[in-house]
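So for the sequence shown, the working numbering puts the first residue at -16; every next one is plus one.
Built from N, CA and C at the ideal position, the CB exists for glycine as well.
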Amino acid sequence: MLKYLGSRVDMNKSLLIKNIGRLVTMEEGDDRDGKLGVILDAAVQIEEGKISWIGTSSESVNMNADDVIDIGGQVVMPGLIDCHTHLVHAGSREDEFNLRSQGKSYKEIAEAGGGIMSTVRSTREASLEDLYDEVSKRADEAIRNGITTMEIKTGYGLDLATEIKMADAIGELDSSHPLEVYGTFLGAHIVPAEYKSRRSEYIDIVVSQMLPQIAKKEWITSCDVFIEDIAYSIDEARSIARAAKDLGLAIHLHVDQFGDGGGAKLAAELGALSADHLDHTSKKGMKLMAEGGVIGVVLPGASFFTGGGHYPDVRKMFENGMKVAIATDYNPGTTPSLNLMLNASIAVTQMGMTCDEALLGITRTAAEALGLAYRGVVAEGMRGDLIVLDCTDEYYPLYRYGENMISQVIIGGNAINT
Ligand code: NIG
Ligand code: FE
-16 MLKYLGSRVD MNKSLLIKNI GRLVTMEEGD DRDGKLGVIL DAAVQIEEGK
34 ISWIGTSSES VNMNADDVID IGGQVVMPGL IDCHTHLVHA GSREDEFNLR
84 SQGKSYKEIA EAGGGIMSTV RSTREASLED LYDEVSKRAD EAIRNGITTM
134 EIKTGYGLDL ATEIKMADAI GELDSSHPLE VYGTFLGAHI VPAEYKSRRS
184 EYIDIVVSQM LPQIAKKEWI TSCDVFIEDI AYSIDEARSI ARAAKDLGLA
234 IHLHVDQFGD GGGAKLAAEL GALSADHLDH TSKKGMKLMA EGGVIGVVLP
284 GASFFTGGGH YPDVRKMFEN GMKVAIATDY NPGTTPSLNL MLNASIAVTQ
334 MGMTCDEALL GITRTAAEAL GLAYRGVVAE GMRGDLIVLD CTDEYYPLYR
384 YGENMISQVI IGGNAINT
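#1: Taking all protein chains shown into account, do 16 or more other C-beta atoms lie within 10 angstroms of the C-beta of His293, making it buried, or fewer, making it exposed?
#2: So, for Asp368: in the same chain, excluding its five sequence neighbours on each side, which residues have a beta-carbon less than 8 Å away from its beta-carbon?
#3: Going by C-alpha to C-alpha distance, which of Gly316, Arg221 and Ile370 sits closest to Ile186?
#4: Note down, in chain order, each residue of its chain lying with its Cβ closer than 6 Å to the Cβ of Met149, except the 5 sequence neighbours on either side.
#5: Looking at C-beta atoms only, is the number of pairs between the region 374 to 393 and the region 325 to 337 that lie closer than 8 Å three or more?
#6: Let me know the secondary structure DSSP gives Thr332 once reduced to three states.
#7: Apply the 10 Å Cβ neighbour rule to Glu274 and answer buried if 16 or more other Cβ atoms are within range, or exposed otherwise.
#8: Taking 6 Å as the cut-off, does the CB of Asp218 come closer than this to any heavy atom belonging to the ligand FE?
#9: Only counting the same chain, and skipping five residues up and downstream in sequence, which positions put a Cβ closer than 7 Å to that of Ile213?
#10: Could you compute how far the alpha carbon of Asn2 sits from the alpha carbon of Pro195?
#11: Determine, using beta-carbon pairs with one atom in the region 303 to 310 and one in the region 275 to 290, whether at least three such pairs fall under 8 Å.
#12: Need the endpoints of the beta strand (DSSP E) that Asp259 sits in, please.
#13: Would you identify the three-state DSSP class for Val392, choosing helix, strand or coil?
#14: Compute the Euclidean distance between the alpha carbons of Ile223 and Ser159, then round it to the nearest angstrom.
#15: So, with DSSP's three-state summary, where would you put Gly56?
#16: Output needed for Thr337: all residues of its chain with C-beta closer than 8 Å, excluding positions within five of it in sequence on either side, in chain order.
#17: Nearer than 6 Å: is that true of the beta carbon of Ile99 relative to any heavy atom of the ligand NIG?
#18: Of the residues Glu252, Phe209 and Gly231, which one's Cα is nearest the Cα of Ile197?
#19: Report the start-end ranges of each beta strand (DSSP E) in the region 196 to 228 that is 3 residues or longer and not cut off at the edges.
#20: Apply the 10 Å Cβ neighbour rule to Leu(-2) and answer buried if 16 or more other Cβ atoms are within range, or exposed otherwise.
#21: Would you mind reading off the limits of the beta strand (DSSP E) that contains Lys266?
#22: How about Asp312: is its Cβ closer than 6 Å to a heavy atom in the ligand FE?
#23: Can at least three beta-carbon pairs, one atom from the region 251 to 271 and one from the region 234 to 242, be found at a separation below 8 Å?
#24: In terms of residues, what are the limits of the beta strand (DSSP E) holding Glu351?
#25: Taking only beta-carbon atoms, is Lys228 less than 7 Å away from chain D?
#26: Start and end of the alpha helix (DSSP H) containing Phe301?
#27: With a floor of 4 residues, list each alpha helix (DSSP H) that falls wholly inside the region 156 to 200, ordered by position along the chain.
#28: Relative to the C-alpha of Gly98, which residue among Leu169, Asp157, Gly166 and Thr317 is closest?
#29: Distance, Cα to Cα, Cys206 vs Leu169?
#30: If the criterion is Cβ atoms closer than 7 Å, does the pair Ile399 and Ile126 meet it?
#31: If you measure from the CB of Thr317, is any heavy atom of the ligand NIG nearer than 6 Å?
#32: If you drop the 5 nearest sequence neighbours on each side, which residues of the same chain put their C-beta closer than 6 Å to that of Val7?
#33: Under a three-way DSSP split, which group does Ala125 fall into?
#34: By DSSP, does Asp339 sit in helix, in strand, or in coil?
Printed below as a string of structure tokens:
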């Protein structure tokens, strides 16, 4: 379902990166080191936005390019892929964080009119220009954190005009910012307060008005539904997702964040690209997802920041044959952080992932969760999206949790300064 390979950066320039201490390709090979397929003392060439050559530094001595960078033995890996975010919104919710620190739960705050609804109110009031200004600053921050591709959801509008405004802010980012963006329609995030007693009317608006207009926008490639007792039921999610599929959108689902609601089974039934959160998913749900080829996306920051100490059982997911990616779930309520590498560290310490699994989860498997075949791996023909890490091995950024070791971000063969 790859939409388009477009990029806001200059794809005509060539770039040669020399003197790479460890090139972490994310693809095993006989001549390579470990599960992450590390090539020692490597060099990479990027032409027309794509990786055109991989070899050793000595082979690269007489090679040339428009730009040549000697990185002095640092580590290079694919640009990080954040496959689940709510990057577009107005306002912030540190007041709720303070309330939660005093013992109020996320659900209690939501039921009292705060939570998602509070961000909906601010987002409805903001102009498209204001939304774009805020989101482009966050996109800069994402790039500084090594993120080169990002999925971004709507879902803080919950009325036709504001959902379109959010979709357009995502489109504006897509056309004018170097970050590679894939948009998801999340009109069924929660039922907006004004439709509480008329939820089927709201779902009708989602299906017959919002979806057809928003699915036409080429940068909106998928649809998501939040399945939870405070949001949508399985049957409601099924009808929305089926309508989205009929319009050619791929499916992601928010599943089992606060309890086991059976969403994993629905994800398998629908052939969803991914089911995300999975904090309370049963073994049966995991098996069905594995059989249906649904990628599990865990969101360590959301589990961490909402507290309670409950994390998804990733070891059980692997035992049942699933593939697991990691995303930030950046949003103003449950996890306002864009530090994807820190999320990977939390997945290691709190969910039992190995360091190798976590690094694959923020690159190669994250690309699969978005249905994007041409990124997340360093190989000829892949997009020239790479990050340079100021350290001597790939585990160091996980180990120095929360620190930013990124010294250079390359998108489509261009060094990006934010
Ligand atoms: O992914 N789970 C639903 N949506 C968000 C929370 C959004 C919010 O609180 O603003 C999430 O965690
Ligand atoms: Fe989310």
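By the coordinates alone:
#1: exposed
#2: Pro61, Gly62, Thr131, Thr132, Glu163, Arg358, Ile393, Ile394 and Gly395
#3: Arg221
#4: Val71, Thr137 and Gly140
#5: yes
#6: helix
#7: exposed
#8: no
#9: Lys90, Ala93 and Ile173
#10: 50 Å
#11: yes
#12: Ser257 to His260
#13: strand
#14: 31 Å
#15: coil
#16: Val331
#17: yes
#18: Gly231
#19: 203 to 209
#20: buried
#21: Where Lys266 is concerned, there is no enclosing beta strand (DSSP E), although the alpha helix (DSSP H) it sits in stretches over Lys266 to Glu274.
#22: yes
#23: yes
#24: Per DSSP, Glu351 belongs to no beta strand (DSSP E); it is in the alpha helix (DSSP H), Arg347 to Ala352.
#25: Absent from the structure: chain D. Only one protein chain is present.
#26: Val297 to Glu302
#27: 182 to 188 and 194 to 197
#28: Thr317
#29: 6 Å
#30: yes
#31: yes
#32: Leu19, Val21, Met60 and Glu377
#33: helix
#34: helix
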